[in-house]
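Peer 1:
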Amino acid sequence: MNWSLPENIATFGGRIDAVFWVITIVTAIAFVLVEVGIVWFCIKYRQREGHRAFYTHGSKSLEVLWTAVPALAMVALGIYSADVWAYIKYRDAAPAESLHIGVRAKQFEWNIAYAGADEVLGTSDDFTLRNQLHFPAHQPILIWLEAEDVLHSFFIPQLRVKQDAVPGMTIPVWFEATRSGEFQIGCAELCGLGHYRMRARVTIHEPEEYERWLVEQIASHAVASAVPDDTESASEPEPTAHEHTESGM
Amino acid sequence: MATIVAEPTGIPVMEERHEMSFVRKYVFSTDHKVIGIQFLFLSLFFLFVGGFLAMMMRWQLAWPGRALPFGGLFPEAMAPDGIMLPEFYNSLMTMHGTFMVFFAIMLLLVGVYANYLIPLQIGAPDMAFPRLNMASFWLAVPAGVIALASFAVEGGAAGAGWTSYAPLSATPEMSGVSLGQQMWIVSLVFLGLSSILGSTNYITTVINMRAPGMTWTRLPLTVWALFVTAILALLAMPVLSGALIMLLFDQTIGTHFFLPETGGQPLLWQHLFWFFGHPEVYILILPAMGFASEILSNGSRKPVFGYMAMVGAIVGIAFLGFIVWGHHMFMSGMNPVLGTSFMISTLVIAVPSAIKTFNWMGTMWRGNLHFHTPMLFAIGFVMLFVIGGLSGIYMASTPFDMFIHDTYFIVAHIHYVLFGGALFGIFAAIYYWFPKMFGRMMSERWGKIHFGLTFIFFNLAFFPMHSQGLAGMMRRLYDTSGYTHTADLQGTHVFITIAAFALFASGAIFAVNFFWSLARGPKAPANPWNATTLEWQTPSPPRHGNWEQAPVVYHGPHEYSHPDVTDKDWLAQNERPDVVSPAGH
Amino acid sequence: MEAHAMPYYGGRTPETGLAVYTQKVGMWVFLCSEVMFFTGLIGSYIILRFGASETWPQPGEILNIPVTAINTFILICSSVTMVKAFAASEMGDKRGTRLFTLATAVIGATFLGVQIYEYSELLSHGFGPWSGLYGSTFYTMTGFHGFHVFSGVVCMTWATVKAFRGGYDNGNYQGLEVLGLYWHFVDLVWIILFTIVYLI
Ligand code: HEA
Ligand code: HEA
Ligand code: CUA
Ligand SMILES: [Cu+2]
Chain A
164 MNWSLPENIA TFGGRIDAVF WVITIVTAIA FVLVEVGIVW FCIKYRQREG HRAFYTHGSK
224 SLEVLWTAVP ALAMVALGIY SADVWAYIKY RDAAPAESLH IGVRAKQFEW NIAYAGADEV
284 LGTSDDFTLR NQLHFPAHQP ILIWLEAEDV LHSFFIPQLR VKQDAVPGMT IPVWFEATRS
344 GEFQIGCAEL CGLGHYRMRA RVTIHEPEEY ERWLVEQIAS HAVASAVPDD TESASEPEPT
404 AHEHTESGM
Chain B
661 MATIVAEPTG IPVMEERHEM SFVRKYVFST DHKVIGIQFL FLSLFFLFVG GFLAMMMRWQ
721 LAWPGRALPF GGLFPEAMAP DGIMLPEFYN SLMTMHGTFM VFFAIMLLLV GVYANYLIPL
781 QIGAPDMAFP RLNMASFWLA VPAGVIALAS FAVEGGAAGA GWTSYAPLSA TPEMSGVSLG
841 QQMWIVSLVF LGLSSILGST NYITTVINMR APGMTWTRLP LTVWALFVTA ILALLAMPVL
901 SGALIMLLFD QTIGTHFFLP ETGGQPLLWQ HLFWFFGHPE VYILILPAMG FASEILSNGS
961 RKPVFGYMAM VGAIVGIAFL GFIVWGHHMF MSGMNPVLGT SFMISTLVIA VPSAIKTFNW
1021 MGTMWRGNLH FHTPMLFAIG FVMLFVIGGL SGIYMASTPF DMFIHDTYFI VAHIHYVLFG
1081 GALFGIFAAI YYWFPKMFGR MMSERWGKIH FGLTFIFFNL AFFPMHSQGL AGMMRRLYDT
1141 SGYTHTADLQ GTHVFITIAA FALFASGAIF AVNFFWSLAR GPKAPANPWN ATTLEWQTPS
1201 PPRHGNWEQA PVVYHGPHEY SHPDVTDKDW LAQNERPDVV SPAGH
Chain C
3 MEAHAMPYYG GRTPETGLAV YTQKVGMWVF LCSEVMFFTG LIGSYIILRF GASETWPQPG
63 EILNIPVTAI NTFILICSSV TMVKAFAASE MGDKRGTRLF TLATAVIGAT FLGVQIYEYS
123 ELLSHGFGPW SGLYGSTFYT MTGFHGFHVF SGVVCMTWAT VKAFRGGYDN GNYQGLEVLG
183 LYWHFVDLVW IILFTIVYLI
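Here the protein sequences line up with chains A, B and C, keeping their order. Using our numbering, read the first sequence as starting at 164 and increasing by one per residue. Using our numbering, read the second sequence as starting at 661 and increasing by one per residue. Using our numbering, read the third sequence as starting at 3 and increasing by one per residue.
#1: If you measure beta-carbon to beta-carbon, which residues of the segment 1012 to 1037 of chain B are closer than 8 Å to chain A?
#2: For a contact meaning CB atoms closer than 7 Å, what does Thr1058 (chain B) contact in chain A?
#3: What would DSSP say about Lys1228 (chain B), mapped onto helix, strand or coil?
#4: Along the segment 350 to 362 of chain A, what residues have a CB closer than 9 Å to any CB found in chain B?
#5: So if I threshold CB-CB distances at 7 Å, which residues from the segment 736 to 768 of chain B count as touching chain A?
#6: Would you please verify whether the beta carbon of Val1042 (chain B) is less than 8 Å from any beta carbon of chain A?
#7: Is any heavy atom of ligand 4 found at a distance shorter than 7 Å from the C-beta of Val941 (chain B)?
#8: Any beta-carbon of chain B closer than 8 Å to the one on Gly177 (chain A)?
#9: Is the beta carbon of Pro926 (chain B) within less than 7 Å of some heavy atom of ligand 1?
#10: Since Gly28 (chain C) is in the alpha helix (DSSP H), which residue starts that stretch and which ends it?
#11: Sort out for me which residues DSSP pairs Arg1100 (chain B) with in a bridge.
#12: Suppose the cutoff is 8 Å on Cβ atoms and the five residues either side in sequence are ignored; what does the same chain contact list for Gln1197 (chain B) look like?
#13: Under 8 Å, do Val247 (chain A) and Ile306 (chain A) count as touching if we go by C-beta distance?
#14: Which value, in whole angstroms, describes the spacing of the CA atoms of Phe1045 (chain B) and Phe1018 (chain B)?
#15: Within the 8 Å Cβ cut-off, does Pro926 (chain B) reach chain C?
#16: So which residues of chain A does Met1062 (chain B) contact, with C-beta pairs closer than 9 Å?
#17: Assuming Trp337 (chain A) is part of the beta strand (DSSP E), what are its boundary residues?
#18: Buried or exposed for Phe730 (chain B), going by 16 or more other Cβ atoms inside 10 Å?
#19: Can you tell which of A:Leu292, A:Ile192, A:Arg267 has the C-alpha that lies nearest to the C-alpha of Gln380 (chain A)?
#20: Hey, quick one: how far does the beta strand (DSSP E) through Val964 (chain B) stretch, first residue to last?
#21: CA-CA distance, Pro233 (chain A) and Gly972 (chain B)?
#22: Decide yes or no for the touch test of the segment 1092 to 1101 of chain B against the segment 215 to 229 of chain A: beta carbon pairs closer than 8 Å, at least 3 of them.
#23: Compute the Euclidean distance between the alpha carbons of Ser810 (chain B) and Ala817 (chain B), then round it to the nearest angstrom.
#24: Taking only the alpha-carbon atoms, compute the straight-line gap between Phe1175 (chain B) and Ala795 (chain B) and give it to the nearest angstrom.
#25: Between which two residues does the alpha helix (DSSP H) holding Glu833 (chain B) run?
#26: Whose C-beta lies closer than 8 Å to the C-beta of Phe1111 (chain B) among residues of the same chain, with five residues either side of it excluded?
#27: Is Phe797 (chain B) closer than 8 Å to Ile695 (chain B) when the C-beta atoms are compared?
#28: For a cutoff of 8 Å on Cβ pairs, would you count Met93 (chain C) as touching chain B?
#29: Which runs of the beta strand (DSSP E) fall wholly inside the segment 232 to 315 of chain A and span at least 3 residues, in chain order?
#30: What does the Cβ neighbour count give for Asp255 (chain A), buried or exposed, with the cut at 16 atoms within 10 Å?
#31: DSSP has Pro330 (chain A) in a bridge; who is on the other side?
#32: Do the CB positions of Met991 (chain B) and Lys325 (chain A) come within less than 8 Å of each other?
#33: Out of B:Val1077, B:Leu900, B:Asn750, B:Phe1031, state which residue places its alpha-carbon closest to the alpha-carbon of Arg1105 (chain B).
#34: From what residue to what residue does the alpha helix (DSSP H) around His147 (chain C) run?
#35: What residue does the beta strand (DSSP E) around His368 (chain A) start on, and which one ends it?
#36: Please state whether DSSP places Ala173 (chain A) in a helix, a strand or coil.
The following block contains the structure:
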């Protein structure tokens, strides 16, 4: 049973999980110190007849100690985290050679825009798939994240990446996968009654396999550009409010 | 000799002794004690309601799509043939958070105890503005009624979460809730007004109505906590009110504050909400910290360890509380550079909290621990608040928050700080001050049973949520079973739900004990806990006007086991020195 | 470990509380809350305006500045009369008290009248709260200020009646002083609003 972090397939995932373990060590020390201390005191200093509590108003030196130590710990943790954060999230963090993909969220689906033959996003020959995100492993991907109606949040647990999609904003999100496979995009921001089922299939290909897939798609869309909702066929079936068994995708 | 209680000294109280009708006495009363008790019943009712909504949510989470027990009683719009609809789940989740935060915990901490305790503990006859005080209660009642009524209206109750992020909350077409959302707003505007009036009253009272000798460094920590809390509410609430009204206008008269089409900014709502919201969460913990400090000191028969450090920590937490709101918005699209600075300020808050935690332990150290029910809950408070606080560190660290934001890890944090923290502090306070409020004792035996069961089932119910969150399970999901990476966690949901039901049941034990003692409990002496603060030096319950003679204060607030006092292990704040130690100082 | 940390105060009981009377403290505290309320509104205005600076109308493009300038002057006058009313009652000048409380109430009401006129003009030109961000912020901020003035006028009318009944005679000036604090605050807020909404 997966009681903790899911498999990590992001190049920067290791650094995030390292932060997790560092924090776990710091907090575990504090946790044991406090909980064990309290239980111990409860036993050692429980009421005894004729016994009288030790009268004191505190200790300057102790105050300084338990102010300084956590302060240092926190500042250190802050500096450490800030570094990782900057590497992943800062607006200009994405590597230059990234592959650009457009993601537009709306109630309750993810519309993914791919560059067409000209390999630039935002041109007439782009094609869009509904709830289908395909990209190659071993190459940085740069998502241009947008929302149409309300807030949504782009979340791929195994890639350790999450970013809210905000109407009126275009937010860059980058990551690089270390292996191919099938995953899911989840919507992590409450967006209405369909929030719980706002998912998309993520297919990470090996690079050459991805090239093949891309060529097919470009071809089929060139043909089908007359037929409007060909993209529908590619999408997962929409479960209704009552339908709860679902193809594991 | 030194057992004298409330030595008749100092100025006699100026008081109006006139017979009052039942209505003036118990309904539209201006007596801070009566108002406090009115708030107590109001907020316990909402605690019950909030808990009940949670039970329905738990049912759906454990057994998605299975008909609720008595589900048939619900109208089609909520649960056709007993099966909860997603929109109804969203309303439950939203109103659960709203009721618990605004109507249960906030009213219990501030409405009840600031009202009841401040005048008694500082030796004042009443609040500075008794009529204003009454107004603040009678604003809270309609607020609650409106919020409850919103379940009955077309489209159901608000469903955009207790944080009501725009644009979802501002556009009925997208949320499917119109009137309900507006009632949610109006209700909170009323509540905000109520708490602003209340805070004005508390602050003024503490500043100007302290008894002779009640210097700032002799204030009980409870009063310090409530005083600082009132300042937080005074400064944070109006910002929420303003934001709420903008949101209401966006829905009703066509303004565009939070709607992007014409340049409005969805993130502005989040900034305004959390500028209020984070101070709010400290409003929900500081008073509980005050109770814990005082009760731990009483139970340990020792002065509070590091009184000045404790006061400093309260002030520090309050100040920092105003500059960390961005930690709720790390993933919101806010500039990540800002995120870094908010991370640092957030982590720094661990420091004053550390000071408090270790001073609580210092208070117990080498004490003479009496484990009465309030003491048990106070110890439970420290043990559980620390867990909630430490989980806060994971979320404060921006890179890791990227993973756990909006997962059940957050839900675990919420409940460890709000239930394990605030509510445990409140239970401690209820058991501790019940004798003073009602002149009767609560059953210690059942109190201890209540503590044991609550402590166990609370941890069983909420600790597993950390694990669910780490596994990547998202919050606010009507049905979590659709995600492959958490598909095999359904079992943990069932486990949590069963624990939650048991937790609710242990709440019922408390309810029975509470009401039974109200009617049948043994008569309480003036000072059942041998406590030092002023409220215990007057009969239980205190008379209208609180004192026969205004007390004069000679000692610090928590003088237990003072070496010069040989015949007992406590020294009331108003005991005349010459009475206590002939030697004198 | 410093034991025996001053448990006793040698029988002496130091004075507590401020020298200021309670109602005044209360009003100061309440005004802090009011400050935060308008800070929220004005802050939002600034953020929204910088977010949409290119589409933002020029000063005077929509609003009629001269009229409002006069109105601002009117409101300032009411503050002057407010001060005089307080001073009069402090000095036990019955006539002055009545005259100036009345004046303050009337001038305050005049300000509201002009604001209503301004609104109706703007609305008749189709500029309403729904007219983009500018309309939203303009009506919300000036509207809430107007509401504060209205509350003030209600209180002043009540105070005027009280004054004519001799309620503020023989040195009983505290009511007016407290009311004055509120009045001046509302006045001050207007000067800020006028500057950022109309002039800049
Ligand atoms: C009583 C309420 C309360 C309290 C006291 C706190 C306390 C803290 N909270 Fe919490 N918080 C909430 C209520 C509260 N919170 C709620 C309701 C939400 C969810 C809102 C929503 O989205 O619905 C939330 C969400 C929340 C988030 C947003 C998470 C997200 O949505 O992604 C963050 C992020 O930083 C955070 C951090 C903290 C921190 C750092 C503290 C600190 O104050 C904790 C400090 C305490 C300790 C650290 C423990 C004691 C100290 C020691 C034992 C010393 C040794 C320790 C160290 C050296 C580390 N909280
Ligand atoms: C103080 C605050 C508080 C408290 C006490 C609780 C108590 C509980 N909460 Fe709470 N919860 C929140 C605050 C609180 N919650 C908030 C702020 C959210 C976020 C909402 C959002 O996402 O918008 C949340 C969200 C939330 C979720 C996540 C929903 C989702 O994301 O989809 C869940 C799920 O299990 C949950 C469960 C519970 C349970 C089982 C309890 C149980 O502990 C309940 C146990 C029962 C009681 C405490 C009542 C017993 C007391 C009595 C019977 C009183 C006696 C009565 C009289 C004397 C008259 N809560
Ligand atoms: Cu989209 Cu939740
Ligand atoms: Cu916070």
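Note that beta-carbon positions come from the ideal geometry of N, C-alpha and C, so glycine has one too.
Peer 2: Let me spell this out:
#1: Ala1014, Ile1015, Thr1017, Phe1018, Asn1019, Met1021, Gly1022, Met1024, Trp1025, Arg1026, Gly1027, Asn1028, Leu1029, His1030, Phe1031
#2: Ser244, Trp248
#3: In the three-state reduction of the DSSP assignment, Lys1228 (chain B) falls in the coil class.
#4: Cys350, Ala351, Glu352, Leu353, Cys354, Gly355, Leu356, Gly357, His358, Tyr359, Arg360, Arg362
#5: Ile743, Leu745, Pro746, Glu747, Asn750
#6: yes
#7: yes
#8: no
#9: no
#10: Gly28 (chain C) -> alpha helix (DSSP H) spans 24 to 53.
#11: B:Lys1183
#12: Val665, Ala666, Ala1186, Asn1187, Pro1211, Ala1232, Gln1233, Asn1234
#13: no
#14: 13 Å
#15: no
#16: Neighbours of Met1062 (chain B) in chain A, taken as residues at a C-beta separation under 9 Å, are given in chain order as Ile179, Trp248, Ile251, Lys252, Arg323, Val324, Lys325, Gln326.
#17: 334 to 338
#18: exposed
#19: A:Leu292
#20: Where Val964 (chain B) is concerned, there is no enclosing beta strand (DSSP E), given that its DSSP letter is neither H nor E.
#21: The straight-line gap from Cα to Cα measures roughly 16 Å.
#22: no
#23: 5 Å
#24: A direct Cα-Cα distance of roughly 27 Å separates Phe1175 (chain B) from Ala795 (chain B).
#25: Looking at the DSSP string, the run of the alpha helix (DSSP H) that includes Glu833 (chain B) is 832 to 835.
#26: Thr1033, Leu1036, Phe1037, Gly1040, Phe1087
#27: Yes, Cβ-Cβ distance for Ile695 (chain B) and Phe797 (chain B) is below 8 Å.
#28: no
#29: 262 to 269, 272 to 277, 290 to 293, 295 to 299, 304 to 310
#30: exposed
#31: Beta-bridge pairing by DSSP links Pro330 (chain A) to A:Ala310.
#32: yes
#33: B:Phe1031
#34: 134 to 166
#35: His368 (chain A): member of the beta strand (DSSP E) spanning 362 to 368, first to last residue.
#36: strand
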